[in-house]
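Residue numbers (my numbering): 1199 to 1499.
Below you can see the structure in the form of structure tokens.
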């Protein structure tokens, strides 16, 4: 839907006019920098304070940064983030058609002087974006719109550090390129909201994500644990069962909440659940663990 909205924008007359001016963007910036340096720096970096914060964040997160320095100077990265957030999608999306359209549109809008809100207002019938709040960037919009990748990652690191996560574990997570800066910030905020003891168990597991799909799975799971904690009995701590982080509730019940689409009773599931149940009974003899899933479970399962 976001890619389709950008396509509509590209067909508008205002976009055509902006695109015609876009080629002059880098040259005009260079001239302004020579004749009006103070105004130009303020326009590009939203003030010296934010500029220094961006530089400091970038230097302290060199292995985690995702923004391109020259594109940041020309306003492309800022515009791309603003456009993506207003479309309710990840500015650092790994979906190629959307990522390419965001970059092209942001470049034209930044160079042509077309504000993001003005461009979106010109789309016939509106952009028509409607996504589930638990999956969107809604909880982190202001940070994702106004901060560079390095600044966003610095905020995520600070949030995780407040949960007593060791620095080396935090570094493993933020340097894992399977996560976008938005993933890291949203996941960190969700874990902070959950406020469970031993959150390091979850973060340590998430830091080892070996693919983009697994990384997104951990982000989604953190969001759902935070959003559904109360209805699951109040998730107060993490424990490790079979190498997976699960939770305990206020009354001591062990709850394994996962974002499964479907659970069917195959040989793998049978062995996994049998082993997990055996380990849970060793940890909490006589307890009745709870499995919570977002999808369907077959009658046999």
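Yeah, the Cβ is synthetic: ideal placement off N, Cα and C, and Gly gets one too.
Alpha helix (DSSP H) segment containing residue i, residue limits
i            : result
residue 1296 : 1294–1310
residue 1357 : 1347–1359
residue 1508 : This structure gives no information on residue 1508, because the portion of the chain shown stretches from 1199 to 1499.
residue 1387 : 1379–1392
residue 1365 : 1365–1372
residue 1341 : 1339–1344
residue 1203 : 1200–1208
Range covered by the beta strand (DSSP E) that runs through residue i
i            : result
residue 1456 : 1452–1456
residue 1481 : Element bounds for residue 1481: not the beta strand (DSSP E) but the alpha helix (DSSP H), 1465–1481.
residue 1489 : 1488–1491
residue 1434 : 1433–1439
residue 1445 : 1442–1447
Contact belief for residue i with residue j at Cβ below 8 Å, rounded distance in angstroms
i            : j            : result
residue 1482 : residue 1452 : 6 Å
residue 1384 : residue 1343 : Incorrect: roughly 14 Å between the Cβ atoms, too far for contact.
residue 1412 : residue 1376 : 7 Å
residue 1461 : residue 1491 : 6 Å
residue 1382 : residue 1400 : Rounded, the Cβ-Cβ distance is 13 Å, inconsistent with contact.
residue 1473 : residue 1440 : 6 Å
Exposed unless 16 or more other CB atoms sit within 10 angstroms - verdict on residue i
i            : result
residue 1225 : Bear in mind that a pLDDT of 49 at residue 1225, under 50, signals an unreliable position, so the model cannot answer this.
residue 1340 : exposed
residue 1359 : exposed
residue 1406 : exposed
residue 1316 : exposed
residue 1241 : Low confidence applies here, because residue 1241 scores a pLDDT of 46, under 50, leaving its location unreliable; read the following figure in that light. Exposed, because fewer than 16 other Cβ atoms sit within 10 Å of the Cβ of residue 1241.
residue 1310 : buried
When the Cβ atoms of the segment 1345–1352 are set against those of the segment 1296–1303, are three or more pairs found closer than 8 Å?
no
Could you say if the segment 1408–1428 and the segment 1450–1464 meet the contact criterion of at least three C-beta pairs nearer than 8 Å?
yes
Report yes or no: do three or more beta-carbon pairs, one from the segment 1429–1446 and one from the segment 1389–1406, lie closer than 8 Å?
yes
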